[in-house]
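Q:
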Amino acid sequence: MPNEHYESFIAFGRTLAANHEVQWDLHLYSDGIVHEESAWNITAMVKGSPPPVHWIRDFGSDVKTLQELNSRRTKTGTQVLRKTPLTSSWQDFIKSAILEQLLSRRNTTRHVIGSIARPLRVIATCTSREPWDLLVEDIHMHMKLLKQLSLLAS
1291 MPNEHYESFI AFGRTLAANH EVQWDLHLYS DGIVHEESAW NITAMVKGSP PPVHWIRDFG
1351 SDVKTLQELN SRRTKTGTQV LRKTPLTSSW QDFIKSAILE QLLSRRNTTR HVIGSIARPL
1411 RVIATCTSRE PWDLLVEDIH MHMKLLKQLS LLAS
């Protein structure tokens, strides 16, 4: 069950979305990709001047992470995983993190894409836990995988 910190963070994200007229409820395909009309143009969201134009359009499991996980699963004879939408709790957590970083902390769209959205999707892909249930050990394990996927500098 979500704790008060998670609930508060999601409420903050929803408030930011409402205040900046950002669509919170997104329409997803069966693999977690956002329908074109619902995708977030975060460059426009922060009134940035393109190029580049950065979009948030994937709330599904991370493909590179799935490839690594499935490579390991194949070696052990475990059923491979397919790309699916993340749980609604993870989606809300990632949306809130993106909006908090862009609209409250005023970080760049490039930072949000590479240092917030993607790493959170990797962690969500690797775990069966909801965001509020993560343990330090989970994060440590996921950091190792992030390094293997070249998402973090050594």
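So this note's numbering is basically just the index in the sequence shown, starting at one, shifted up by 1290.
Using N, Cα and C, we set each Cβ at its ideal position, and we do this for glycine too.
1) Hey, would you say Ile1323 sits closer than 7 Å to Asp1352, going by beta carbons?
2) According to DSSP, Val1324 sits in a beta bridge with which residue or residues?
3) For Met1291, collect the residues of the same chain with a Cβ closer than 6 Å to its Cβ; drop the 5 residues on either side in sequence, then sort them by chain order.
4) If you follow the alpha helix (DSSP H) that His1432 is part of, which residue opens it and which one closes it?
5) Measuring alpha carbon to alpha carbon, tell me which of Leu1436, Lys1365, Pro1421 ends up nearest Gly1404.
6) Just checking Pro1375 against the ligand MN - is the residue's beta carbon closer than 6 Å to any of the ligand's heavy atoms?
7) What residue range does the alpha helix (DSSP H) around Ser1298 cover?
8) Near Ser1444, what residues of its chain come up, given a Cβ to Cβ distance below 7 Å and the 5 sequence neighbours on each side ignored?
9) My output table needs one value for Asn1397: the three-state DSSP class, helix, strand or coil.
10) Report, in whole angstroms, the separation of the C-beta atoms of Val1506 and Leu1392, which I expect to be a contact under 8 Å.
A: Put simply:
1) Within the sequence shown, residue 1323 is the residue found at index 33, counting from 1. Within the sequence shown, residue 1352 is the residue found at index 62, counting from 1. Not closer than 7 Å, so no.
2) To locate residue 1324, count along the sequence shown from 1; it is residue 34. When beta bridges are read from the DSSP output, Val1324 appears opposite Leu1318.
3) Your numbering for residue 1291 matches position 1 in the sequence shown. If we look at Met1291 and ignore the five residues flanking it on each side, it has no Cβ neighbours.
4) Along the sequence shown, read from residue 1 onward, the residue named residue 1432 stands at position 142. Run containing His1432: 1426 to 1438, per the alpha helix (DSSP H) assignment.
5) The residue given as residue 1404 occupies position 114 in the sequence shown. Of Leu1436, Lys1365, Pro1421, the residue nearest in Cα terms is Leu1436.
6) Among the components modelled here there is no ligand, and therefore nothing to report on the ligand MN.
7) Position 8 of the sequence shown, counted from the first residue, corresponds to residue 1298. Secondary structure note for Ser1298: its alpha helix (DSSP H) is the uninterrupted segment 1294 to 1309.
8) Position 154 of the sequence shown holds residue 1444. At Ser1444 the pLDDT is 47, less than 50, meaning the model places this residue with poor confidence; the figure from the coordinates comes in the next sentence. Lys1437.
9) The residue given as residue 1397 occupies position 107 in the sequence shown. In this structure, Asn1397 counts as coil in the three-state DSSP scheme.
10) Beyond the ends of the chain as shown, which are 1291 and 1444, falls residue 1506; an answer cannot be given.
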